[in-house]
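Inspection log for the structure reproduced underneath, given as structure tokens.
Numbering (our numbering), first residue to last: 3 to 174.
Here you go:
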């Protein structure tokens, strides 16, 4: 099984109350993907992976997307909850996005809750707001809550705001 829901290079794109479930543990792509979209919204969507299945992609992939909102979401399982990075092939730097009211739970294999990178761009103003998000890995001590990875010597310029953010570690 490849990608779940994928929207590429579309302005004014919306996904509302959608669910992607992989009980078989065969998915190799992202569950929800907005690549190089502007003015997008993903609301009430749920990504559910089989128990302990790592998966090949993220729950929500926002590569190269701008002026969007991921709200009231659930990413359960897999190794990555939300990926926001620049899209070199289409020439789009991700910025001005809001990640709000979400839960990223049961990450496996030292997963990353939210991954942000400006790879391929010398200067990227992210204007990223992460608000009311809970990240909880499957096993204690594994993974990274939020990871910002600037490309080479180039910094990620802000503002980048984390507000009402919790990383809860439970388990073994």
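Every residue, glycine too, gets a C-beta built ideally from N, C-alpha and C.
Whole-angstrom distance between residue j and residue i, CA atom to CA atom
i           : j           : result
residue 21  : residue 107 : 15 Å
residue 91  : residue 137 : 30 Å
residue 27  : residue 51  : 7 Å
residue 151 : residue 49  : 24 Å
residue 66  : residue 42  : 12 Å
residue 73  : residue 44  : 6 Å
residue 87  : residue 116 : 10 Å
residue 17  : residue 95  : 21 Å
residue 70  : residue 78  : 22 Å
residue 131 : residue 9   : 22 Å
residue 164 : residue 36  : 22 Å
residue 89  : residue 13  : 16 Å
residue 146 : residue 80  : 13 Å
residue 111 : residue 15  : 32 Å
residue 109 : residue 11  : 29 Å
residue 7   : residue 19  : 12 Å
residue 149 : residue 5   : 23 Å
Secondary structure of residue i, DSSP reduced to three states
i           : result
residue 99  : coil
residue 70  : coil
residue 35  : strand
residue 5   : coil
residue 14  : coil
residue 117 : strand
residue 87  : strand
residue 164 : strand
residue 41  : coil
residue 19  : coil
residue 92  : coil
Minimum C-alpha distance to residue i - residue among the options
i           : options           : result
residue 129 : 80, 137, 118      : 118
residue 82  : 33, 148, 114, 25  : 114
residue 60  : 94, 24, 15, 91    : 24
residue 97  : 135, 85, 104      : 85
residue 63  : 74, 76, 34, 13    : 34
residue 46  : 10, 76, 94        : 76
residue 104 : 134, 93, 149, 5   : 134
residue 102 : 149, 40, 166, 109 : 166
residue 99  : 40, 109, 7, 19    : 40
Cβ-based burial, residue i [other Cβ within 10 Å; buried from 16]
i          : result
residue 38 : buried
residue 68 : buried
residue 32 : buried
residue 93 : exposed
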